[in-house]
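Protein chains: 2
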Amino acid sequence: MVTPVPAAQVTRYEAEVDVLVVGYGCAGAAAAYEAAIAGSEVLVLERASGPGGSSAQSGGELYLGGGTPVQTACGFTDDADNMFAFLQAALGPHADEAKLRLYCDGSVEHFEWFVGCGVRFTESLYDAPSWMPPTTDGLMWLGENAWPYDTLARPVPRGHRPATEGWAGHTLMDALTTAADTAGARTVTDTRATALIVEDGRVVGVTARRYGADVAYRARRGVVLTTGGFVDNEEMLADHAPDLLGHGKVSDGLDDGSGIRMAAALGAATRRMGFVEAAYTALPAMVCRGMLVNGLGRRFINEDVYPGLFSHAALHQPGPCWVIVDEQGLDEVPARDRWGVRPTHGAETLAELEGDLGLPAGSLAETVATYNRHAEGGQDLLFHKNPRWLRPLEAPFAAVDPRYGFGGSAQPVGTGFSGFTLGGLHTSVDGEVLSVAGEPIPGLYAAGRAASGIHGAGYISGTSLGDGTFFGRRAGRALAGS
Amino acid sequence: MVTPVPAAQVTRYEAEVDVLVVGYGCAGAAAAYEAAIAGSEVLVLERASGPGGSSAQSGGELYLGGGTPVQTACGFTDDADNMFAFLQAALGPHADEAKLRLYCDGSVEHFEWFVGCGVRFTESLYDAPSWMPPTTDGLMWLGENAWPYDTLARPVPRGHRPATEGWAGHTLMDALTTAADTAGARTVTDTRATALIVEDGRVVGVTARRYGADVAYRARRGVVLTTGGFVDNEEMLADHAPDLLGHGKVSDGLDDGSGIRMAAALGAATRRMGFVEAAYTALPAMVCRGMLVNGLGRRFINEDVYPGLFSHAALHQPGPCWVIVDEQGLDEVPARDRWGVRPTHGAETLAELEGDLGLPAGSLAETVATYNRHAEGGQDLLFHKNPRWLRPLEAPFAAVDPRYGFGGSAQPVGTGFSGFTLGGLHTSVDGEVLSVAGEPIPGLYAAGRAASGIHGAGYISGTSLGDGTFFGRRAGRALAGS
């Protein structure tokens, strides 16, 4: 069904507008807003019964910096170069330098755009490791203060959060879709785009299914694909990103790669289709107070990095991995940062724990002895964990199986990873979809996780909503002016 | 230049044949042979001035088994299931089970096909770790006897080699192209295919550049793309397999992904474009006698695995990696397995070596102490290296920087890795190229490294020539019968 349809075969259009946006997540809202505010007639097609997509189901973090008012109010000084230096390393190797440069240079303006759309940020810092603060604090660290990133850029927190306790994706998307609607964008829901309509080598619309009927929509200036990634499409995962097969999902079945396939069927190029975010359901507040070990009982990273990065490192370790803590460490995890996670094993000695976890005899004892020796000296000589989290571990010990997930699951949850895809259509910095020959395909744009964005092999919270909205806006502006 | 050309725009064809094969490496030769022997009129287009491609520059190993005459003569009993069990693990995770099943079930017949084409195999085993035997022995181990593979399948050697000392790719390709030519396939050299010609949704030929002129060739039954991978195309590497950027190459500039791009421009699907083989220029005969350590001075794998696998593991370790040996180990490496590789560092103590290599103080001492303790007990409790290679290491010690490469280089050679790409066009088991919609594209076939074959994320020598010829033959037969 993804094969392009010649315009000559289309007999009737439900509507004809300047700009057709396919998918009403964050990138679609940003594109729709900018095109509409520039005076274009905009229609957003959304396959669900309402707007939001995966963006609305997310934590709502936005990776922003360079000196935003929230950073300044919290006492931090930042600039675009400093932000670039951190992200180039943390999203790497192989971050997209051209897109990243624009993203960092435009970050303060992008913050102001969110404020203009009605997103509110509390000017306070949540100063503890967490996947997501349970407070309304507007700023959080996302690993900027962990080695080696603290040696590559001046450590400044850049995790910006809408003023909501916990999951803030809905808050964010309510603001953005309201802003787009107010700017004049119209929406048609329950309408799933099926193929691109092509005329003389130009994309002029899409076909769609709507309540069981085949319909078509025409676009005078162009189509923006903001249909999301492909984590919900097992066949595409098997073909392009098998690391995520069998893992948990962060989406709700909607990220089926439809936009990527519609465009690829027309000869569009894709990029970095194997790159993924794969996150452990392990608690940063617990992990940093103890250690993360692999199936050989060895540490392999400083546990205070952004938890997506310690998770990603675990993908390449001999498994299974375990979080090892002692009683004092467990006690020190603030109740609000526990998320229902409980130790799966407890033991009076490391030898006992090695036996329970199936680790090589003596391996954990050796790892803890080295760790404790370094902790006593005040320096993690292997992985440079911040001394704030360094303390000799003492019996009794506990282990947490990351597969048990948040909320105190009684059963392992898949592999313990959940994630999403980072690869997608190859786009210019203005969202033009490039063909395999490297030329823009007339009338076709993409943004958000349907496209390959600023990311290399790494990932930091807030960079997907951040990049989706930033380049969604650029695509909307480019189309309105095209 | 890769955009498909409508047949209506082509005014003249240089030739019209049944089957057009694009690229005269091993997959092209296999396809051409089978199509020709089945009675089809076959023309092979080759961009170089003669046949061979990357296949001719390779070591010429063929991964074959299931009970070949060479295996039997050397005293080994094998079967297809045993071969499948090994390859599923060694080429995994995510090997293509359907293709792999056919490959293993057909392996003895495929061996006989090579013999029929005039490839000779000496019925003797080279029983030492090596990238490539300097003898004419016809059989070699490729990690089948290393942990954990020896626990998953009965260990049997399956590396088959044409009777040539050292690099045997030319020997192999001389035989295959002679067989294809004798079967009736014609060849046009110095002719670089540029785009597919399409008529009514069917591929009916290719356009090409020949001595500066644009020419066209027509195919009545179809076109087989056997144009190789894309390791020589830096832009495609950046887009799909950045792990190989800046690394050494095993090809000669010809693997530029042209066939993959020509087909993708028509809406063909690709698969596993990020999967690569990346091999260290480290000597198996030296590594297995000592240890391979990462930038923390730690071992991370049993050093007797197939060297492509210890190399691949090194890609995910904190670098730089080092080969550590002692004097006795160095002395024991047979002269014929040294390939000019020399230690880059020597030291009387491990502390001195740690300092010279920039490893954390005490790290190498701890690693060697554990290793020696296990060696004295006769068991590598961490990585299960075969006891044959286990012996306590004693001063004086030496280290080899894998970046210095073979032949005693005086300067580091890139990153020390060289490799090639494993991803490519998504094909059926008969070589039909599938569209993004999952349907065969009429008239279009592919095999060899222009296609995604039996491989998952792993690689074993001989599986690329093996899969290229096996599925090249299937494509040729399918086309002849289509």
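Protein chains in written order, with the working numbering: chain W, 1147 to 1628; chain D, 1147 to 1628. Glycine residues also receive a C-beta, built at the ideal position from the N, C-alpha and C atoms.
- Within the stretch 1436-1463 of chain W, Leu1442, His1462 place their CB atoms closer than 7 angstroms to a CB of chain D, listed in sequence order.
- The straight-line gap separating the alpha-carbon atoms of W:Pro1239 and W:Gly1602 is approximately 6 angstroms.
- Excluding residues up to 5 positions away in sequence, Gly1211, Gly1212, Ala1226, Asp1227, Met1229, Phe1230, Leu1233 lie with their Cβ nearer than 8 angstroms to the Cβ of W:Cys1250 in the same chain.
- Here W:Asp1283 carries a strand assignment [DSSP, helix/strand/coil].
- Distance from the CA of W:Asp1385 to the CA of D:Asp1576, rounded to the nearest whole angstrom, comes to 18 angstroms.
- Scanning chain W for C-beta atoms nearer than 7 angstroms to the C-beta of D:Val1582 yields Val1148, Arg1407, Ala1410, Ala1411, reported in chain order.
- With contacts defined by Cβ atoms closer than 8 angstroms, W:Gly1565 and W:Leu1390 form a contacting pair.
- For W:His1520, the secondary structure class from DSSP, reduced to helix, strand or coil, is helix.
- Apart from sequence neighbours up to five positions away, the residues of its chain that approach W:Pro1533 with a beta-carbon distance below 8 angstroms are Gly1524, Gln1525, Asp1526, ordered along the chain.
- A distance below 8 angstroms separates the beta carbons of W:Thr1373 and W:Gly1169.
- Taking a beta-carbon distance threshold of 8 angstroms, D:Asp1385 counts as an interface residue toward chain W.
- Contacts with chain D (Cβ-Cβ distance below 7 angstroms) from the stretch 1483-1506 of chain W involve Pro1506, listed in chain order.
- Under the DSSP assignment, D:Ala1365 falls in the beta strand (DSSP E) whose first and last residues are 1359-1371.
- Below the 8 angstroms Cβ cutoff, chain W contributes Asp1385, His1386 as neighbours of D:Arg1417, in chain order.
- At a Cβ-Cβ threshold of 8 angstroms, D:Val1350 and D:Pro1150 do not count as neighbours.
- When DSSP states are grouped into helix, strand and coil, D:Val1254 belongs to the helix group.
- Under the 8 angstroms criterion on CB atoms, W:Leu1528 is classed as interfacial with respect to chain D.
- The beta carbons of W:Gly1594 and W:Ala1184 sit about 19 angstroms from each other, so the pair does not count as a contact at 8 angstroms.
- Within the stretch 1419-1434 of chain W, those residues whose Cβ lies closer than 8 angstroms to any Cβ of chain D are, in chain order, Met1419, Gly1420, Phe1421.
- Taking all protein chains in view, the Cβ of W:Ser1195 is surrounded by fewer than 16 other Cβ atoms within 10 Å, so the residue is classified as exposed.
- Interface with chain D (8 angstroms Cβ-Cβ cutoff): W:His1572 is included.
- Chain W places no beta carbon closer than 8 angstroms to that of D:Pro1294, leaving this residue out of the contacts.
- Near chain D, meaning a CB-to-CB distance below 8 angstroms, the residues of the stretch 1227-1254 of chain W are Pro1239, His1240.
- Put simply, the backbone Cα of D:Ala1161 is about 40 angstroms away from that of W:Ser1574.
- Under the DSSP definition of a beta bridge, W:Phe1543 partners with W:Asp1472, W:Ala1493.
- In this structure, the CA atom of D:Ala1325 is about 40 angstroms from the CA atom of W:Leu1383.
- Annotation for D:Ala1411: no alpha helix (DSSP H) segment contains it, and DSSP assigns it neither H nor E.
- About 6 angstroms separates the Cβ atoms of D:Gly1206 and D:Arg1307, confirming a contact at the 8 angstroms cut-off.
- The beta carbons of D:Leu1625 and D:Arg1367 sit about 5 angstroms from each other, so the pair counts as a contact at 8 angstroms.
- Two segments are said to touch when three or more pairs of C-beta atoms, one from each, lie closer than 8 angstroms; by this definition the stretch 1443-1463 of chain W touches the stretch 1595-1615 of chain W.
- At a Cβ-Cβ threshold of 8 angstroms, D:Cys1263 and D:Leu1322 count as neighbours.
- Measuring C-alpha to C-alpha distances from W:Trp1277 to each of W:Arg1266, W:Asp1296, W:Ala1314, W:Val1261 identifies W:Ala1314 as the nearest.
- Cβ contact annotation for D:Gln1463 (same chain, cutoff 6 angstroms, sequence separation greater than five): Asn1440, Phe1446, in chain order.
- Distance check between D:Val1487 and each of D:Glu1473, D:Glu1290, D:Thr1223, D:Ala1428 places D:Ala1428 closest, using alpha-carbon atoms only.
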